[in-house]
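So the structure is just underneath, and the comments pick up after that.
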Amino acid sequence: MQKLILDIIEEPVHLVSRTMINIDEELCDGCGACISPCVEGALELVDGKAKVIRDELCDGAGFCIGVCPTGALSLEVREAEPFSETAVTEHKATLNLNYIPQICTNCGVSEETAYLIPVKHKGDSIWFCTKCLPKLIHG
């Protein structure tokens, strides 16, 4: 009996220079706080450390950065696959998501009881409720 083997030819990956999340493994304590803010599902815990599982899933927005208690996350510009909304949609369909609600960085109120807005401030991505946001803006 003869076996037929088909070669799968993958298209070459075209890398672009873009902003991506960088994770310092020495600083990462594996708490998982960064997982939920990444609505694209680009971050997962692998062997007790946060990892960008596929470059095309990371949009580089950085909302994971502000919640990291150890400062292990930062933004960097590097060569990576382009961000793909299609890949995100396909990836999210395969996940069993256990959503962890975000909390206001200032007062601790949960998004389950208040509206939260993601804000970039002094290099960090942080969440503020609508009551605390004016304090940030006006001091």
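Residues in the sequence shown are numbered consecutively from 685, following this note's numbering. Glycine is no exception: its CB is placed at the ideal position from the N, C-alpha and C atoms. Since the structure is predicted, the reported quantities are computational estimates derived from the model, not experimental observations.
- Message: Could you check whether T754 and C722 sit closer than 9 Å to each other, using their CB atoms as the reference points?
- Response: As a position in the sequence shown, residue 722 is number 38, starting the count at 1. As a position in the sequence shown, residue 754 is number 70, starting the count at 1. Going by C-beta atoms, C722 is not nearer than 9 Å to T754.
- Query: Based on Cα-Cα distance, which residue from L711, S794, Y799 and K776 lies nearest to I784?
  - Reply: Reading the sequence shown from its first residue, position 100 is the one you call residue 784. Of L711, S794, Y799 and K776, the residue nearest in Cα terms is S794.
- Run of the alpha helix (DSSP H) containing T770, from where it starts to where it stops: Numbered from 1 along the sequence shown, position 86 holds the residue referred to as residue 770. Looking at the DSSP string, the run of the alpha helix (DSSP H) that includes T770 is E769 to A777.
- Is the beta carbon of C742 sitting closer than 9 Å to the one on I719? Numbered from its first residue, the sequence shown carries residue 742 at position 58. Numbered from its first residue, the sequence shown carries residue 719 at position 35. No, the pair does not count as a contact, with Cβ atoms beyond the cut-off.
- Which residues mark the beginning and the end of the alpha helix (DSSP H) in which P818 is found? In the sequence shown, the residue the question calls residue 818 occupies position 134. Per DSSP, P818 belongs to the alpha helix (DSSP H) from L817 to H822.
- Task: Kindly give me the distance between the Cβ atoms of C748 and L757, rounded to whole angstroms, as I take these residues to be in contact under 8 Å.
- Result: Counting from one through the sequence shown, the residue named residue 748 turns up at place 64. Counting from one through the sequence shown, the residue named residue 757 turns up at place 73. Indeed, because the Cβ distance is near 6 Å, the residues count as touching under 8 Å.
- Message: Here's the rule I'm using: 16 or more other beta-carbon atoms within 10 Å means buried, otherwise exposed. How should T789 be labelled?
- Response: Working through the sequence shown from its first residue, we reach residue 789 at position 105. The residue is buried, with at least 16 neighbouring Cβ atoms inside 10 Å.
- Query: Between T773 and the ligand FAD, is the CB less than 8 Å from at least one heavy atom?
  - Reply: Absence of the ligand FAD from the depicted structure is noted, as is the absence of any ligand whatsoever, leaving it without description.
- Message: Taking a contact to mean a Cβ-Cβ separation below 9 Å, would you say E763 touches R738 in this structure?
- Response: Mapped onto the sequence shown, residue 763 falls at position 79. Mapped onto the sequence shown, residue 738 falls at position 54. Against a cut-off of 9 Å, the Cβ pair of R738 and E763 comes out as no contact.
- Item | Cβ shell of L817 (< 8 Å), same chain only, five flanking positions each side left out | The residue labelled residue 817 in the question sits at position 133 within the sequence shown. Excluding sequence neighbours, L817 sits near I801 and V803.
- Measure the Cβ-Cβ separation of V761 and S809 and say whether it is below 9 Å. Reading the sequence shown from its first residue, position 77 is the one you call residue 761. Reading the sequence shown from its first residue, position 125 is the one you call residue 809. Cβ atoms of V761 and S809: not closer than 9 Å.
- Query: How long is the line joining the alpha carbons of T703 and A745, rounded to whole angstroms?
  - Reply: Position 19 of the sequence shown holds residue 703. Position 61 of the sequence shown holds residue 745. The straight-line gap from Cα to Cα measures roughly 8 Å.
- L719 by DSSP, collapsed to three states: which one? Against the sequence shown, residue 719 aligns to sequence position 35. Here residue 719 is Ile; the residue named in the question, Leu, does not match the sequence. Coil, per DSSP.
- Task: Indicate whether A726 and V697 have their beta-carbon atoms separated by less than 9 Å.
- Result: Here residue 726 refers to the residue found at position 42 of the sequence shown. Here residue 697 refers to the residue found at position 13 of the sequence shown. Going by C-beta atoms, A726 is not nearer than 9 Å to V697.
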